[in-house]
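Protein chains in written order, with the working numbering: chain D, 1014 to 1184; chain A, 1258 to 1777.
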């Protein structure tokens, strides 16, 4: 039995989200029969909630017949899974060699200054969380970045500013 | 119908690099301009030709062949219509017949034969371009003959380790088990590589066909493609193609009426470089931390869920259809020595003409960097190239006449890896690159073995001391590298010293300038 509760999915920056455990339960039910279900379950939870809240760890452990330590161990091992909510948009900048060769370090420095935060941090207005990424596979056209699901190649400081302005809705 | 008969076919790539450069906006502008002018067109979202400095590369089908325009921006589209590009008209971005562009014409594309030509999601297009010819032949052969064909082709693992693919298959085929698996390692995490991504986005049926042939060869019925989470477009293309193949009976129960069944699924990684190591990948597929396993047992004997498992890289599996379609003798006719066939190489970083170059083994670095790549994008001299990803050494120009084959590269202390070549101009600080190699290892180590987990962190500290003016620490760095090389469980720890020591050996003048502390 699936519950219709999409309206309550927190999309933005809930500082103290009340996680809907029924929704999480139905996600786990949907994937738990897959062999090696853990990653599909965690992806589905993060896709729905924006992160994997610590409060869902006991649920996953119970449903997959694992210890909480094992579940926490998996969540914390993978860079992709976040344990706290992110800003409204996630900005990933590639720091790997091919992008370094065309100025990624300068772009990273610019981004940190422009957003006023370090990697894994969020700008004070809650709009942008800055994350490093090790290769987006666009290595002939660096420096590369991704804002939410959109890839951008040959990103200069100016282009970075333009893209973020557009995301803020200010032209 | 009439409108379609006279409609001009226009190609705008759907490859993610093209998208990152605005291909969707270009496609939308073309549709809008055509509608506005009352011109009927057929828009095909093809794969990329792999000439990324020209993306978005728009092609128009004419009687003479496909004529290319690039790079095209959305703002250029009206001018292209004004210039009559639908009949090959002249424009500043006109490149002539796409097949005649030297970068493309001088390649030997076997694995990438269809890429950029077809619509990646169209099964009819795939079939019209020799698609599934390999599987059709495979279905007429006994499984042992399939394994033998791949052995005879000389195909070696294209992920980097270069282990003969046929031997892995033979081991799995010979191991008795109720359930066997085919796993595709699509965790292409090496910076400077994108050939796996291109296959998945731009010709996904080829990978599916290769995995299906592998399943027939070893008696497997289930397969997984483990794709890194950084490749959402590849995941979408594969899921689409798998659904199409299932409904056309190229996958699923009794494939094409045969007795064999094969069920294929995509699994998404979660941002861990180490999961490109095959045993860590298997752990991850099982739902665990991506921690490396000790070998033996080999995955071919005890792999996924403890069952015999073929685990191959995307390009290895994607090379199988043409080997079956044309025969092992055709394939091994390319290449040199013990490196047979072709390798899709990737020119990346600070390079004027970056992209994908598939050539038989034996081309020199210089030919790739100069003839294809055209030197650096910045116009400055090349100072170093890193071949083979973050675990590959930095090579100076004095080694650019080395031939790209597995043994020739190993002879100069290099490695071919997955065929990625990252170019740096003379502004590069090699001590900083060495430090980054250690830092990357510290971030991405699975933590199972001490030399890798702790050695990488100590490595960063020691390089900082060297650069801050303690040259005596160089001996310590070499000792540390020796421990990592000889004491690590997998390639992550044992090969991170390659970029570090090569930077130190070939560019000693960069160690000791004292400016690294603040740069990092």
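The C-beta atom is built at its ideal place from N, Cα and C for all residues, glycine as well.
Keep in mind the model is a prediction, meaning the values are calculated, not measured.
Three-state secondary structure (DSSP) at residue i?
i              : result
residue 1490/A : helix
residue 1640/A : strand
residue 1357/A : helix
residue 1514/A : helix
residue 1159/D : strand
residue 1320/A : coil
residue 1267/A : strand
residue 1180/D : helix
residue 1710/A : helix
residue 1093/D : coil
residue 1275/A : helix
residue 1753/A : coil
Do we get a CB-CB distance below 8 Å when we pair residue i with the residues of chain A?
i              : result
residue 1096/D : no
residue 1184/D : With a pLDDT of 47 at residue 1184/D, under the threshold of 50, the predicted position of this residue should be treated as unreliable, though the coordinate-derived value follows. It does not: the Cβ of residue 1184/D has no partner Cβ on chain A nearer than 8 Å.
residue 1071/D : no
residue 1198/D : In the structure as shown, chain D starts at 1014 and stops at 1184, and residue 1198/D therefore has no counterpart that could be examined.
residue 1087/D : yes
residue 1049/D : yes
residue 1021/D : Reliability fails at residue 1021/D, whose pLDDT of 43 lies under 50, so the model's placement of it is uncertain and the value that follows must be treated cautiously. It does not; no Cβ of chain A falls within 8 Å.
residue 1117/D : no
residue 1090/D : yes
residue 1110/D : yes
residue 1099/D : no
How far does the alpha helix (DSSP H) with residue i in it extend, from its first residue to its last?
i              : result
residue 1677/A : Unbroken run through residue 1677/A is the beta strand (DSSP E), 1677 to 1682; no alpha helix (DSSP H).
residue 1393/A : 1390 to 1395
residue 1580/A : 1571 to 1583
residue 1534/A : Run containing residue 1534/A: none; DSSP gives neither H nor E here.
residue 1705/A : No alpha helix (DSSP H) holds residue 1705/A; DSSP gives it neither H nor E.
residue 1281/A : 1280 to 1293
The beta strand (DSSP E) with residue i in it runs from where to where?
i              : result
residue 1443/A : 1438 to 1443
residue 1663/A : Here residue 1663/A belongs to no beta strand (DSSP E); instead the alpha helix (DSSP H) covers 1663 to 1668.
residue 1483/A : 1479 to 1484
residue 1084/D : First-last for residue 1084/D: 1081 to 1090, but that is the alpha helix (DSSP H), not the beta strand (DSSP E).
residue 1525/A : 1520 to 1525
residue 1300/A : 1298 to 1301
Cβ of residue i less than 8 Å from any chain D Cβ?
i              : result
residue 1535/A : no
residue 1566/A : no
residue 1258/A : Note that residue 1258/A has pLDDT 44, beneath the 50 cutoff, so the model's placement of it is unreliable and the number below is only indicative. So no, residue 1258/A is outside the interface.
residue 1530/A : yes
residue 1757/A : no
residue 1274/A : yes
residue 1576/A : no
residue 1679/A : yes
residue 1488/A : yes
residue 1647/A : yes
residue 1562/A : yes
residue 1338/A : no
residue 1446/A : yes
residue 1513/A : no
residue 1278/A : yes
Please name the residue or residues paired with residue i in a DSSP beta bridge.
i              : result
residue 1651/A : 1643/A
residue 1592/A : 1597/A
residue 1309/A : In DSSP, residue 1309/A forms no bridge with anything.
residue 1141/D : 1102/D
residue 1370/A : Paired residue(s): none; residue 1370/A is not in a bridge.
residue 1615/A : 1601/A
residue 1348/A : DSSP output for residue 1348/A lists no bridge partner at all.
residue 1568/A : 1440/A
residue 1147/D : In DSSP, residue 1147/D forms no bridge with anything.
residue 1164/D : 1159/D
residue 1660/A : 1621/A
Relative to the ligand ZN, is the shortest distance from any of its heavy atoms to the C-beta of residue i smaller than 7 Å?
i              : result
residue 1663/A : You won't find the ligand ZN in this model; it holds no ligand whatsoever.
Can you confirm whether residue i, when its beta carbon is compared against all beta carbons of chain C, has any partner nearer than 8 Å?
i              : result
residue 1035/D : In the displayed structure, chain C is absent; the protein chains listed are D and A.
- Are three or more beta carbon pairs between the segment 1656 to 1663 of chain A and the segment 1611 to 1628 of chain A nearer than 8 Å? yes
- Query: Does the segment 1469 to 1478 of chain A come within contact of the segment 1600 to 1607 of chain A, defined as at least 3 CB pairs closer than 8 Å?
  - Reply: no
- So, do the segment 1065 to 1076 of chain D and the segment 1123 to 1143 of chain D have three or more beta carbon pairs nearer to each other than 8 Å? Look at the beta carbons and you see the segment 1065 to 1076 of chain D not touching the segment 1123 to 1143 of chain D: under three pairs across the two are nearer than 8 Å.
- Query: Below 8 Å, can you find three or more Cβ-Cβ pairs linking the segment 1710 to 1717 of chain A to the segment 1555 to 1565 of chain A?
  - Reply: no
- the segment 1512 to 1522 of chain A contacting the segment 1082 to 1093 of chain D, beta-carbon criterion three pairs below 8 Å: no
- Query: When the Cβ atoms of the segment 1532 to 1548 of chain A are set against those of the segment 1453 to 1473 of chain A, are three or more pairs found closer than 8 Å?
  - Reply: no
- Query: Between the segment 1287 to 1306 of chain A and the segment 1264 to 1279 of chain A, do three or more beta carbon pairs fall short of 8 Å?
  - Reply: yes
- Message: Tell me whether the segment 1166 to 1174 of chain D and the segment 1420 to 1437 of chain A touch, counting them as touching only if at least three CB pairs, one residue from each stretch, are closer than 8 Å.
- Response: no
- Message: I want to know whether the segment 1690 to 1705 of chain A touches the segment 1529 to 1538 of chain A - three or more CB-CB distances under 8 Å.
- Response: yes
- Is the segment 1687 to 1695 of chain A in contact with the segment 1743 to 1762 of chain A, if contact means three or more CB pairs nearer than 8 Å? Yes: at least three Cβ pairs fall under 8 Å.
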